[in-house]
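Residue numbers (our numbering): 1145 to 1566.
Ideal Cβ placement from N, Cα and C applies to all residues, glycine included.
Notes for the one structure printed next.
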């Protein structure tokens, strides 16, 4: 499929492309290139690439993307100019859009000849990364959800610590709501709590928490928007009630004005650093509540090979080393700072964070894969527009200008158009 949309470029992007073209024409390097937003990553990325070169003799070049949107723009622009990067690291929004646009290589042939056993990856993760039955990238890590909670506020409120077993029956939705209400405290009676049960709950009123009620807002191949179905409306009615009915969402977790905050693992690094500096509350991790089922929404991070790569053999070796080889995956996922998917890297993750934050239950993040939910609506073409539309809908719901059903009906035609690339 040809990529349908050409994005406008800033002068800085044009200059960047010109430098790359000059570099390519002069033949100054035969290195395999890796593109991604790596500016804030740890030194383990360099260590991983050095280990790869030591093993294979293949040099590496990092192409920095300033952000996820910049990554998408650079891959599109460089591919069109004939100087595509070799290996692409991205989140599911960008990787799936590049795959749908024909800018990544389907990996079935590569996997068959590379001694990669797909059973070493969680099946649910691979399924989430497939685009119309084909795999265009190998997973490296998950941005999955768990609940950070303030142990002191729980103890002061007479609330038991959050459970940590995703497969257990504890913490059903009604119990969770009652807990959040008990942890919401209006000390002066002015109607504005000084302490809230929750700092937030999902994306813009809970659009990414639909899996708790077995609801899906798009079909498997992302061709039809299903947000206006009774199942989705019911799920959103539950999640938005935390604001509209129960008034338990507000405050800032790190300032101890909110007792809980469901978040992805990027926050683990933030709060551990704050703890080491003595500026964080006493905290730990627990599971999310159970609606009809237990689920934890995840974003997916992965590596693919650009379809216009001129170094596909070398790109395949780097992909395998970083996303499958035990030495490479441990180093890469340490730098990545998300939840790994390969067993040895998972063990390393739990060990490292248990040492840095004793008693914090970091395994809650790694075991969330057992109840993983794929918010497929935002995996691919039109995802950024759809996120903006859901923000628009949430603002209408939050300010009580429209009901959940009416707000979804209001954005429905435009979400469908975004799915269709219009």
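Could you pull out every residue in the same chain whose Cβ sits closer than 8 angstroms to the Cβ of residue i, ignoring the five residues on either side in sequence?
i            : result
residue 1202 : 1175, 1176, 1196, 1458, 1461 and 1462
residue 1556 : 1369, 1371 and 1372
residue 1520 : 1272, 1360, 1362, 1364 and 1366
residue 1345 : 1353, 1383, 1386, 1393 and 1406
residue 1264 : 1468, 1486 and 1487
residue 1198 : none
residue 1560 : 1368 and 1369
Can residue i and residue j be called in contact, C-beta distance under 7 angstroms?
i            : j            : result
residue 1526 : residue 1562 : yes
residue 1405 : residue 1343 : yes
residue 1504 : residue 1288 : no
residue 1185 : residue 1467 : no
residue 1280 : residue 1250 : yes
residue 1325 : residue 1301 : no
residue 1395 : residue 1192 : no
residue 1241 : residue 1565 : no
residue 1211 : residue 1187 : no
residue 1433 : residue 1320 : yes
residue 1234 : residue 1215 : yes
residue 1450 : residue 1232 : yes
Quick check on DSSP: helix, strand or coil for residue i?
i            : result
residue 1186 : coil
residue 1310 : coil
residue 1395 : coil
residue 1442 : strand
residue 1205 : strand
residue 1348 : coil
residue 1498 : helix
residue 1436 : coil
residue 1278 : strand
residue 1424 : coil
residue 1230 : coil
residue 1362 : strand
residue 1340 : strand
residue 1379 : helix
residue 1552 : helix
residue 1293 : strand
residue 1562 : helix
residue 1218 : helix
residue 1546 : coil
residue 1332 : coil
residue 1430 : strand
Quick one: measure Cβ to Cβ for residue i and residue j, integer angstroms, because I've assumed they're closer than 8 angstroms.
i            : j            : result
residue 1506 : residue 1430 : Residue 1506 to residue 1430, Cβ: 12 angstroms. No contact.
residue 1426 : residue 1295 : 4 angstroms
residue 1236 : residue 1476 : That pair is no contact at about 18 angstroms.
residue 1209 : residue 1179 : 6 angstroms
residue 1513 : residue 1268 : 7 angstroms
residue 1498 : residue 1293 : Wrong, their Cβ atoms sit about 18 angstroms apart, outside the cutoff.
residue 1244 : residue 1275 : 6 angstroms
Hey, how far is the Cα of residue i from the Cα of residue j?
i            : j            : result
residue 1403 : residue 1542 : 21 angstroms
residue 1400 : residue 1423 : 11 angstroms
residue 1470 : residue 1247 : 28 angstroms
residue 1169 : residue 1282 : Low confidence applies here, because residue 1169 scores a pLDDT of 33, under 50, leaving its location unreliable; read the following figure in that light. Approximately 31 angstroms, taken between the alpha carbons.
residue 1167 : residue 1495 : The predicted model places residue 1167 with a pLDDT of 38, which falls under 50 and marks its position as unreliable, so this point remains unresolved.
residue 1230 : residue 1189 : 17 angstroms
residue 1206 : residue 1552 : 42 angstroms
residue 1316 : residue 1328 : 19 angstroms
residue 1545 : residue 1534 : 15 angstroms
residue 1420 : residue 1398 : 13 angstroms
residue 1348 : residue 1538 : 6 angstroms
residue 1256 : residue 1456 : 15 angstroms
residue 1313 : residue 1332 : 36 angstroms
residue 1284 : residue 1297 : 35 angstroms
residue 1213 : residue 1415 : 27 angstroms
residue 1323 : residue 1339 : 13 angstroms
residue 1330 : residue 1389 : 16 angstroms
residue 1528 : residue 1254 : 30 angstroms
Sorted by chain position, which residues of the same chain lie with C-beta nearer than 6 angstroms to residue i's C-beta, five sequence neighbours on each side aside?
i            : result
residue 1409 : 1482, 1483 and 1509
residue 1452 : 1223 and 1228
residue 1439 : 1355, 1356, 1515 and 1517
residue 1412 : none
residue 1436 : 1357 and 1358
residue 1501 : 1416
Near residue i, what residues of its chain come up, given a Cβ to Cβ distance below 7 angstroms and the 5 sequence neighbours on each side ignored?
i            : result
residue 1548 : 1377, 1380, 1381, 1384 and 1541
residue 1172 : Confidence is the limiting factor: at residue 1172 the pLDDT is only 35, short of 50, which leaves the residue's position unreliable, though a coordinate-based value still follows. Nothing listed; no residue qualifies.
residue 1464 : 1258 and 1260
residue 1511 : 1310
residue 1183 : 1208
residue 1474 : 1488, 1489 and 1492
residue 1558 : 1533
residue 1266 : 1485 and 1513
For residue i, is the beta carbon positioned less than 6 angstroms from some heavy atom of the ligand GDP?
i            : result
residue 1565 : Ligands are entirely absent from the displayed structure, and the ligand GDP is therefore not among its contents.
Measure from the C-beta of residue i to each C-beta in chain C and report whether the shortest distance is under 7 angstroms.
i            : result
residue 1529 : Any reference to chain C falls outside this structure, which holds one protein chain only.
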